[in-house]
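**Q**
Residue numbers (my numbering), protein chains in the order written: chain Y, 1 to 274; chain P, 1 to 274; chain V, 1 to 274; chain H, 1 to 274.
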């Protein structure tokens with residue numbers, strides 16, 4: 001059983017929470033907690049052993065936790081995701097492979113693309129591919145995408161190299177539900193063409209960043225980041241090629257963390273219990 | 001206040017421990033725990049806020065913990081170490097620097113060397129250097145070292161590139177108190193000349209390992225490990241030079257972890273709450 | 001144009017080689033060289049710009065190079081591989097994806113498995129899957145595999161988590177052509193169950209190693225290695241899961257290097273011009 | 001013998017250079033070259049074996065190289081540096097240690113500080129410490145520093161955590177001679193308080209960058225960069241502490257590269273032959 005809690009901090013919280021578990025004869029296998037002292041915020045992730053009534057447990061917890069607490073016992077066990085792509089295959093293919101072998105931690109319901117290029121790889125894995133080309137009116141295009149996503153009601157929307165900027169209006173439909181992979185070590189090289197920027201600047205490391213999407217482009221809470229070394233012999237396109245390897249790895253890691261309920265979002269940051 | 005606990009696992013331990021803290025009006029800032037399921041062993045490290053009577057707290061804890069529990073409230077705040085060296089300066093110098101600026105987390109009482117080479121660097125930092133050359137009879141030499149160490153009664157003995165193998169009889173005098181830096185990624189290349197071995201084998205990464213010393217050479221509980229990439233252009237002596245950088249870094253990290261009471265030893269392994 | 005050279009070292013080699021290129025009006029874009037001083041061995045990889053007669057160039061080079069020199073101008077541009085697997089999908093799937101999108105640097109001719117489990121993923125990518133179950137007589141099984149591989153005449157055979165030990169007789173059929181991914185940081189934890197070994201030893205890093213296969217199990221020339229950190233909270237199966245990520249990454253890297261003619265083998269080591 | 005060459009690219013350069021070496025009976029041990037195709041720029045670093053007349057060799061090279069070529073045979077073997085500091089000891093101490101044991105690759109002539117705090121560590125190593133406090137008029141202070149540096153005529157000036165911004169006028173006195181360590185993964189978090197910025201942004205990696213100083217603050221050619229993982233449990237001061245470890249490591253690496261003549265500067269980037 002997995003239990004996640006986020007609430008205002010106070011003395012005795014751990015004692016109260018663990019007492020409830022102990023009374024329910026639930027043995028704690030793993031307890032991870034974090035207190036944001038400045039924000040007086042408490043975060044906890046528990047793995048417990050034993051059989052318990054989920055609703056009853058959640059109810060008991062709610063009674064002892066401060067008002068406004070977020071408490072989830074076994075949060076959505078069978079998660080569902082929609083993936084959005086443009087032309088690059090590497091992140092999508094990795095997701096489809098894991099989905100196909102049951103190791104993704106979620107089911108891919110459909111892939112939405114604004115180019116037809118990745119139709120075929122979806123066909124190979126028998127996953128519906130929906131082509132929604134961008135029309136002149138961006139708002140109409142976004143409305144089409146929103147309707148399509150809502151028809152699937154996914155837990156998360158994964159931007160697996162979706163190369164269009166989503167409007168705040170779009171994002172507002174799916175708060176804390178959109179995960180993006182950005183091809184740089186944010187906040188360095190936000191925006192377009194980060195590898196070109198990295199090449200021009202002559203950096204010795206390039207990176208990738210998986211983050212939740214908020215209104216501000218590339219400014220949302222960071223989930224995971226990784227880098228690889230580059231040197232003077234790398235052209236901008238060598239950087240693109242190398243970068244794809246870590247983009248795939250970082251997005252995979254971020255999805256594993258999010259889909260295992262290991263990521264808490266608070267004030268544009270994440271608490272991640274790896 | 002730092003509290004560390006190691007004991008047999010049972011249901012309700014966290015509840016009981018956190019209740020005692022709560023009753024004492026101590027607020028948990030950081031709680032790290034680990035359960036070794038196979039060994040039914042429980043490990044916890046707490047940082048708490050507030051003023052409490054250490055002895056009383058330790059006593060109350062002891063009452064609710066299983067027999068044989070190890071419980072320490074504010075374990076040895078002003079730790080003391082003795083460093084043992086041969087000819088290489090890099091690890092020793094790093095320790096002396098941190099000691100000199102008060103960031104080591106312990107006081108260096110003395111340095112014991114089996115060569116005179118590192119006398120001068122100790123003089124610069126006004127740390128006693130004791131030269132104990134190895135005599136023909138190794139046992140006598142070891143007895144001399146043991147006596148010298150015991151006269152200082154240190155919390156830990158740090159082998160900062162001490163290039164002699166210590167006998168089981170020596171080690172038995174200081175159980176779980178000797179920390180060694182081995183210049184390879186153990187268990188690869190245990191024993192002598194690991195860089196030469198690494199060169200011969202043509203590895204693409206070399207490493208360093210900090211570990212507690214037990215009877216079996218290079219077989220004690222590992223505290224920290226790190227690697228750096230090498231390639232065909234590295235000679236064995238290039239590997240030695242590169243390796244020194246990570247030896248210094250790994251030993252520094254291991255000392256920080258041990259001296260901050262973040263390392264538990266159990267059955268030839270460590271639990272490290274970084 | 002790519003040119004690779006391996007031969008005995010002597011004064012003036014670079015001058016002679018570059019003069020031939022200059023006379024042929026070929027501009028050097030990239031020149032990587034290595035001299036193994038102990039072995040008096042010279043290695044070079046050139047990328048040159050311009051149109052030249054390959055056979056003529058190779059001939060001219062041969063004349064000025066020491067006897068026994070290996071010289072290849074544009075070595076096998078369209079390489080072909082056969083992949084061997086057992087039950088684990090991660091390395092195979094990664095290879096199939098890259099093959100499907102034309103970024104592998106070789107064509108996958110067929111996949112040979114000793115279990116039926118990975119038939120389906122091969123079907124998805126329209127790659128022939130040949131099931132050769134191990135019979136009681138291992139020699140007969142190996143003979144079946146050898147015949148099948150020889151019918152495809154591949155440039156390389158990739159053991160993508162093939163969990164059977166190949167006999168020296170098998171290996172002798174494909175010298176310097178078999179690439180294996182071993183799930184440990186060799187030479188640590190050679191042999192069976194490396195993650196279990198790593199867990200028991202309590203290491204803080206686990207690794208993966210891609211290497212050419214020679215007679216001695218896990219003793220062949222290393223092409224690439226990588227590690228990831230682990231800690232006390234990892235069970236042996238957590239290590240397996242984490243390890244798969246780097247196994248995939250290391251094998252992908254090794255294949256890219258080998259298939260781009262960046263790897264030279266000499267005396268159980270590799271020279272890798274990354 | 002080390003030879004470094006930087007010039008306009010043309011066909012036959014390598015042939016001409018290596019012919020001269022061959023005629024002088026000099027054997028190439030290591031040859032590293034890079035061509036910047038866009039800039040039509042050629043870079044080479046050679047290590048050769050044998051005895052040659054430096055001036056004669058340089059002269060012969062100059063004759064065959066394009067106009068404006070930079071060619072150096074055994075560039076400044078006994079390099080000298082001046083170090084500038086404020087209050088933090090870690091980079092300075094590392095430099096003093098290496099200097100003291102003859103492994104820095106240069107001699108430290110003097111340390112200039114704008115606080116008295118690091119006087120003592122310099123005294124320990126018998127290195128002159130010159131205190132130049134910043135006066136109200138920054139220009140006067142900088143003039144004092146410039147005069148002091150010029151009196152030593154160093155090859156490089158190392159800003160080992162010198163926490164004042166140097167004016168373009170200051171920098172103009174020492175073009176391509178000032179090396180700085182910046183406590184972030186540039187270009188992320190340029191300017192003041194990078195760790196505070198990193199903490200606020202919630203990044204999962206922090207970095208350090210060693211670079212040459214040009215007029216634009218934190219915008220000069222990057223020599224080396226490195227990162228370490230951080231997480232939600234890191235306060236801004238934890239990041240400072242962790243960051244110091246990589247600041248020390250990155251500056252040490254950059255100095256080793258520069259002092260071994262492995263770094264070429266061209267158009268705000270570096271070519272680094274590691």
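Glycine included, each C-beta is placed from N, C-alpha and C at the ideal position.
Could you give the first and the last residue of the continuous alpha helix (DSSP H) run that contains residue 183 (chain Y)?
**A** Residue 183 (chain Y) sits at position 183 when you count from the first residue of the first chain. Looking at the DSSP string, residue 183 (chain Y) is not in any alpha helix (DSSP H), and its letter there is neither H nor E.
**Q** Comparing C-alpha positions only, which one of P:67, P:3, P:226 sits nearest to residue 207 (chain P)?
**A** Locating residue 207 (chain P) in the second chain gives position 207, where the first residue counts as 1. That would be P:226, whose Cα lies nearest to the Cα of residue 207 (chain P).
**Q** Applying the criterion that 16 or more other CB atoms from any shown protein chain within 10 Å of the CB defines a buried residue, is residue 252 (chain V) buried or exposed?
**A** The residue you call residue 252 (chain V) lines up with position 252 of the third chain. Flag for residue 252 (chain V) reads buried.
**Q** Residues of chain Y with CB closer than 9 Å to the CB of residue 185 (chain H), please, in chain order.
**A** Counting from 1 along the fourth chain, the entry for residue 185 (chain H) is found at position 185. Those within 9 Å of residue 185 (chain H) in chain Y are 185, 188, 203, 205, 207, 227.
**Q** For residue 147 (chain Y), name the three-state secondary structure that DSSP assigns.
**A** Your numbering for residue 147 (chain Y) matches position 147 in the first chain. Note: residue 147 (chain Y) maps to helix in three-state DSSP.
**Q** Strictly below 7 Å CB to CB, what residues from chain V border residue 224 (chain P)?
**A** Within the second chain, the letter at position 224 stands for residue 224 (chain P). Under the 7 Å cutoff, chain V gives 204.
**Q** DSSP three-state label for residue 268 (chain V), please.
**A** The residue labelled residue 268 (chain V) in the question sits at position 268 within the third chain. Coil at residue 268 (chain V), not helix or strand.
**Q** Counting only C-beta atoms, is residue 271 (chain Y) closer than 8 Å to chain H at any point?
**A** Locating residue 271 (chain Y) in the first chain gives position 271, counting from the first residue. Interface residue, yes.
**Q** State yes or no: is the beta carbon of residue 181 (chain Y) nearer than 8 Å to at least one beta carbon in chain V?
**A** The residue labelled residue 181 (chain Y) in the question sits at position 181 within the first chain. No, its Cβ sits nowhere closer than 8 Å to a Cβ of chain V.
**Q** Answer yes or no: does any C-beta atom of chain V fall closer than 8 Å to that of residue 97 (chain Y)?
**A** Within the first chain, numbered from 1, the residue matching residue 97 (chain Y) stands at position 97. So yes, residue 97 (chain Y) belongs to the interface.
**Q** What first and last residue would you give for the alpha helix (DSSP H) that runs through residue 253 (chain H)?
**A** Along the fourth chain, one-based indexing puts residue 253 (chain H) at 253. It spans 236–259 - the alpha helix (DSSP H) in which residue 253 (chain H) sits, taken as one unbroken run.
**Q** Just to make sure I have the definition right: I need the residues of chain V whose C-beta is within less than 7 Å of the C-beta of residue 18 (chain H). Which are they?
**A** Within the fourth chain, the letter at position 18 stands for residue 18 (chain H). 14, 15, 18, listed in chain order.
**Q** In terms of residue numbering, what span does the alpha helix (DSSP H) encompassing residue 23 (chain P) cover?
**A** The residue given as residue 23 (chain P) occupies position 23 in the second chain. First-last of the alpha helix (DSSP H) with residue 23 (chain P): 13–23.
**Q** Mind listing, in chain order, the continuous alpha helix (DSSP H) runs of no fewer than 4 residues lying wholly within the stretch 76–135 of chain H?
**A** Entirely contained in the stretch 76–135 of chain H, the alpha helix (DSSP H) runs reaching 4 residues are, in chain order, 90–100, 119–124.
**Q** With 7 Å as the C-beta to C-beta threshold (strictly closer), list the residues of the stretch 17–50 of chain Y near chain H in chain order.
**A** Result list: 34.
**Q** Could one say the Cβ of residue 242 (chain H) lies closer than 8 Å to chain Y's Cβ atoms, at least one of them?
**A** Numbered from 1 along the fourth chain, position 242 holds the residue referred to as residue 242 (chain H). Residue 242 (chain H) does not count as touching chain Y.
**Q** Helix, strand or coil for residue 163 (chain V), going by three-state DSSP, please let me know.
**A** Taking the third chain and counting its residues from 1, one reaches residue 163 (chain V) at position 163. Three-state DSSP puts residue 163 (chain V) in coil, outside helix and strand.
**Q** Measuring only the C-alpha atoms, how far is residue 9 (chain Y) from residue 41 (chain Y)?
**A** Along the first chain, one-based indexing puts residue 9 (chain Y) at 9. Along the first chain, one-based indexing puts residue 41 (chain Y) at 41. Approximately 5 Å, taken between the alpha carbons.
**Q** Using the beta-carbon count (16 or more within 10 Å), is residue 70 (chain P) buried or exposed?
**A** Residue numbering aside, residue 70 (chain P) sits at position 70 when the second chain is read from its first letter. By the 10 Å Cβ count, residue 70 (chain P) comes out exposed.
**Q** Relative to the C-alpha of residue 93 (chain P), which residue among P:5, P:111, P:77 is closest?
**A** Counting from 1 along the second chain, the entry for residue 93 (chain P) is found at position 93. Closest by alpha carbon: P:111.
**Q** Where residue 272 (chain P) and residue 198 (chain P) are concerned, what is the direct C-alpha to C-alpha distance, given to the nearest angstrom?
**A** Residue numbering aside, residue 272 (chain P) sits at position 272 when the second chain is read from its first letter. Residue numbering aside, residue 198 (chain P) sits at position 198 when the second chain is read from its first letter. Using only the alpha carbons, I get a separation of about 28 Å.
**Q** Please check if any C-beta of chain H sits within less than 8 Å of the C-beta of residue 171 (chain V).
**A** Against the third chain, residue 171 (chain V) aligns to sequence position 171. False, the Cβ-Cβ gap to chain H never drops below 8 Å.
**Q** How far does the alpha helix (DSSP H) with residue 213 (chain V) in it reach, from first residue to last?
**A** Your numbering for residue 213 (chain V) matches position 213 in the third chain. Here residue 213 (chain V) belongs to no alpha helix (DSSP H), and DSSP marks it neither H nor E.
**Q** Residue 117 (chain P) to residue 133 (chain P), Cα distance in whole Å?
**A** To locate residue 117 (chain P), count along the second chain from 1; it is residue 117. To locate residue 133 (chain P), count along the second chain from 1; it is residue 133. Taking the straight line joining both Cα atoms gives about 12 Å.
**Q** Hey, out of P:203, P:259, P:196, P:189, whose CA is closest to residue 179 (chain P)'s CA?
**A** Stepping through the second chain from its first residue, residue 179 (chain P) is reached at position 179. Considering only alpha carbons, the answer is P:259.
**Q** Would you mind telling me which residues of chain H sit closer than 7 Å to residue 247 (chain P), beta carbon to beta carbon, in chain order?
**A** As a working note, residue 247 (chain P) is residue 247 in the second chain. Those do not exist, as residue 247 (chain P) stays about 13 Å from chain H at its closest Cβ, beyond 7 Å.
**Q** Residue 142 (chain Y): buried (16+ other C-beta within 10 angstroms of its C-beta) or exposed?
**A** Your numbering for residue 142 (chain Y) matches position 142 in the first chain. The residue is buried, with at least 16 neighbouring Cβ atoms inside 10 Å.
**Q** CB-CB under 8 Å to residue 165 (chain H), same chain, minus the five flanking residues each way: which ones, in chain order?
**A** What you label residue 165 (chain H) is simply residue 165 of the fourth chain in a count that begins at 1. So the list reads 217, once near-sequence residues are dropped.
**Q** Taking the DSSP output, what are the residues bridged to residue 58 (chain H)?
**A** Your numbering for residue 58 (chain H) matches position 58 in the fourth chain. DSSP, once it has assigned bridges, lists no residue as partnering residue 58 (chain H).
**Q** With 16 as the cutoff for other CB atoms within 10 Å, does residue 35 (chain Y) come out buried or exposed?
**A** By 1-based counting over the first chain, the position of residue 35 (chain Y) is 35. So residue 35 (chain Y) counts as buried.
**Q** Please decide whether residue 231 (chain V) counts as near chain P, where near means a Cβ-Cβ distance under 8 Å.
**A** Residue 231 (chain V) sits at position 231 when you count from the first residue of the third chain. Cβ-Cβ to chain P under 8 Å: yes for residue 231 (chain V).
**Q** Name the residue from V:175, V:221, V:72, V:64 whose alpha carbon lies nearest to the alpha carbon of residue 46 (chain V).
**A** Within the third chain, residue 46 (chain V) is the residue found at index 46, counting from 1. Among V:175, V:221, V:72, V:64, the Cα nearest to that of residue 46 (chain V) is on V:72.
**Q** Where DSSP assigns a beta bridge to residue 36 (chain Y), which residues make up the other side?
**A** Here residue 36 (chain Y) is taken as the residue at index 36 of the first chain, counted from 1. According to DSSP, which records beta bridges pairwise, residue 36 (chain Y) is partnered with Y:41.
**Q** Straight-line CA distance for residue 140 (chain H) to residue 229 (chain H)?
**A** Position 140 of the fourth chain, counted from the start, is the residue given in the question as residue 140 (chain H). Position 229 of the fourth chain, counted from the start, is the residue given in the question as residue 229 (chain H). Their Cα atoms are separated by approximately 42 Å.
**Q** Are residue 154 (chain H) and residue 109 (chain H) close, meaning C-beta to C-beta below 8 Å?
**A** Within the fourth chain, the letter at position 154 stands for residue 154 (chain H). Within the fourth chain, the letter at position 109 stands for residue 109 (chain H). Yes, they are a contact pair.
**Q** Using the C-alpha atoms, what's the distance from residue 44 (chain V) back to residue 31 (chain P)?
**A** Position 31 of the second chain, counted from the first residue, corresponds to residue 31 (chain P). Position 44 of the third chain, counted from the first residue, corresponds to residue 44 (chain V). Rounded to the nearest angstrom, the two C-alpha atoms are 56 Å apart.
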